[in-house]
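Everything below concerns the one structure shown next.
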Amino acid sequence: MNNEMTDVNIKWKVSMAVSSNDVKNLNQPMITMMIVTTDKAGNKNHLPIEMTTSKFKEFFRTVAQINTQMDNAKIL
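The working numbering puts the first residue of the sequence shown at 7, with every later residue one more than the last.
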């Protein structure tokens with residue numbers, strides 16, 4: 007099985023969550039991301055992700071660090 011991806015697409019939006027399955031009264035902004043990957047055979051895989059703004063900021067910092075490390079290693 008070849009899991010090599012040929013395309014990655016990320017769509018995101020900001021919404022207001024008033025509650026969740028875990029918290030009765032959440033009342034905070036939520037970031038919703040849909041990551042869509044396409045493999046060489048053309049099969050699309052959808053991965054939905056929801057996170058609070060604080061988790062999104064942490065995610066963003068991690069991606070920025072990875073980008074810096076890849077840039078420093080001349081991978082990009």
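Cβ atoms here follow ideal geometry from the backbone N, Cα and C, with glycine treated the same way.
Requested in this report: Report yes or no: do three or more beta-carbon pairs, one from the region 12 to 19 and one from the region 38 to 53, lie closer than 8 Å?
Outcome: yes
Query raised in the report: Short check: CB of E64 to CB of M36, under 7 Å?
Result: no
Requested in this report: Starting from the Cα of S60, find the closest Cα among L53, N49, T68 and give me that residue.
Outcome: T68
Requested in this report: Would you kindly report the start and end of the unbroken alpha helix (DSSP H) that includes E64?
Outcome: 59 to 78
Requested in this report: Check the DSSP bridge columns for N51 and list the partner residues they point to.
Outcome: T43
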